[in-house]
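Read left to right, the sequence shown gives residues -20 to -1, 1 to 318 (mature numbering (1 follows the signal peptide of the UniProt record, and there is no 0)). Step one of this worksheet: look at the structure below.
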Amino acid sequence: MIKKLAVILCSVCLSGSVVAKTQAEFQTYLSDLKQEAIAKGYDSKLIDDAFATASYKEKVVSADKNQPEVKETLETYLPKRVPQWKIDRARKLYAENKDVLEQVAKEFGVQARFIVALWGLESNFGTIQGGHNVISSLVTLAFDGRREALYKRQLWAALDILKSGHITLDKFKGSWAGAMGQTQFMPTSFNAYAVDYNNDGRKDIWTTKEDAFASIANYLKQEGWNDSLTWGRQVKLPENFDSKYVLKRGTKTRKQWLEYWNDSERSLADWQALGVRKADGSDLPNVDVRAALVMPDDINGRMYLAYDNYKVFMHWNRSYYFATSVGYLSDRIGYPKI
């Protein structure tokens, strides 16, 4: 018993010394960042105020290192990500915000159902935005070192947001990774796509729904959204279908993924000739549209003909499950018509 207690005490002491060393190294790193920020031209008061709130967050590093790798399929993922209550909630909120949503939709050329779907999946319609100090999260992740350049770039973008007065420091909260507001934009995405739709001088994706809706729509528009198309459709393959036509998996960059997309992309007429049909077995639409064949799981799982707008979802988050869940929810928001 005494030996076990000694081991525990020793472990606690070692843990404490490691934490103390990490905190000391973090403070040195923070000082270096402040000098780098000054060299980039940021105001010294902004730097002092922002970095005064920064502290090393072990939970952030743990969350980054231990992201779940639970093996599941689209069949198990979709019911969890898009349960019936979320569909019902999405349709209710669409109806409640119909005027502004349809105004934004018309102005940006993006159907409102897609705006609501992204709003619902990213932040549960604005109710789950994260309570982490954004500066602390970004500095901690940069300090961790595995993706330092990425998180330093996000940190400078976060300082730009504060400098522009879009949010006050005490309310500058987000996810552990630094994603913010009802849209869950990273700081660089905020600076590229956020919109001050109500013209109050602030791009407020945290508390102003109008700004959040317009920011989502602007993102989609800027990344090539085509409002004359939907996102895709689930399809049925013939027996012994050649898998060479399926969009290849295992890409490490968006550039490579787009090359694979181009390899798979064909006209609907070509897919029809290859034996591909709608999920109910009927013919594909007789329209001049090109699509790639997407396989979120394997050849025995759900298959989709994905249109150009699917590429925009994959730019938002390069995950087949995410992109498909956005399309799946949007269909159930839009039909039957609200």
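Cβ coordinates follow ideal geometry from the N, Cα and C atoms, glycine included.
The beta carbons of Tyr225 and Asn198 sit no closer together than 8 Å. Distances from the CA of Val80 to each of Asp28, Phe6 and Ser195 were compared; the closest alpha carbon is that of Ser195. Asn178 is a Cβ neighbour of Thr188, given a cutoff of 8 Å.
Residue range Val114 to Asp124 is occupied by the alpha helix (DSSP H) that includes Val119.
Secondary structure in the segment 173 to 254: the alpha helix (DSSP H) runs of 4 residues or longer, each lying completely within the stretch, are 189 to 202, 234 to 244 and 248 to 253 in chain order. Each of Pro316, Ile318 and Tyr284 was checked against the Cα of Ser305, and the nearest Cα belongs to Tyr284.
The residue among Arg61, Ala122 and Gly111 with its C-alpha nearest the C-alpha of Leu101 is Arg61. Across the structure, Tyr240 and Leu227 are spaced so that their CA atoms are roughly 6 Å apart. For a cut-off of 8 Å, the C-beta gap from Trp237 to Arg298 is around 7 Å, short enough to register as a contact. Using a Cβ distance threshold of 8 Å, Trp205 and Ile147 do not count as a contacting pair.
Apart from the 5 residues on each side of it in sequence, Ser103 sits with its Cβ closer than 8 Å to the Cβ of Gln109, Gly161, Gln162, Thr163 and Gln164 in its chain, given in chain order. When Cβ pairs closer than 8 Å are counted between the two stretches, the segment 275 to 284 is seen to touch the segment 212 to 222, the count reaching three or more. When DSSP states are grouped into helix, strand and coil, Phe152 belongs to the coil group. Counting along the chain, Ala32 sits inside the alpha helix (DSSP H) bounded by residues Ser24 to Ala32. Between Ala271 and Gly212 the beta-carbon gap is near 7 Å, inside 8 Å, which marks them as a contact.
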